[in-house]
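Student:
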Amino acid sequence: MAKKPSIAKKYGYLWITLILFSGSIIAHWYYGFQSGNTMVENLRDTFENWQSEFLQLIWQVAGLSYLWYIGSPQSKEEEERNQEMLQWIVKKLDPQKSEEFLKEMEEKYPKK
9 MAKKPSIAKK
19 YGYLWITLIL
29 FSGSIIAHWY
39 YGFQSGNTMV
49 ENLRDTFENW
59 QSEFLQLIWQ
69 VAGLSYLWYI
79 GSPQSKEEEE
89 RNQEMLQWIV
99 KKLDPQKSEE
109 FLKEMEEKYP
119 KK
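Written out as structure tokens, the structure is:
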């Protein structure tokens with residue numbers, strides 16, 4: 009039985025991102041107050057940065073990942089194309105056993 013990965017390993021990228029984000033926001037606010045900025049100025053600067061950089065990146069990563077996950081037409085076409093190319097390669101490598109192999113793969117991993 010396979011051992012389940014710990015939460016730290018399973019979500020390692022998330023933890024690193026949260027640590028880096030927390031460190032950068034704390035430093036941003038600390039140096040903002042050191043330079044004489046008020047809380048309102050620090051909030052304004054923070055939200056300007058989020059609007060211009062962070063939210064755009066979130067949409068690019070999360071939005072495109074979501075579209076890929078739900079199976080947008082573009083991702084389905086690419087998947088079908090890749091499958092056909094792989095079948096062609098298998099048939100060229102071993103024409104005699106290729107049909108048997110492709111049938112086994114279809115049984116093992118049926119199409120959704």
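Quick note on numbering: the sequence shown equals residues 9 to 120 in our numbering.
We put the beta carbon where it would ideally sit given N, CA and C, even for glycine.
My guess is that Ser106 and Lys116 are in contact by the Cβ rule of under 8 angstroms, so how many angstroms apart are they, rounded?
Tutor: Not confirmed; about 15 angstroms, so no contact.
Student: Hey, how far is the Cα of Phe109 from the Cα of Phe62?
Tutor: Answer to the nearest angstrom: the Cα atoms are 47 angstroms apart.
Student: Beta-carbon of Val69 versus every beta-carbon of chain D: anything under 9 angstroms?
Tutor: The structure shown has no chain D; it contains just one protein chain.
Student: What first and last residue would you give for the alpha helix (DSSP H) that runs through Gln64?
Tutor: Residues Leu63 to Ile66.
Student: For Thr54, which option in Asn90, Trp67 and Tyr38 has the closest C-alpha, if you only look at C-alpha atoms?
Tutor: Nearest option by C-alpha distance: Tyr38.
Student: Rounded to whole angstroms, what's the CA-CA distance from Ile27 to Gln68? Just pull it up for me.
Tutor: Using only the alpha carbons, I get a separation of about 22 angstroms.
Student: Between the alpha carbons of Asn45 and Leu51, how many angstroms are there, rounded?
Tutor: So the alpha carbons of these two residues sit roughly 10 angstroms apart.
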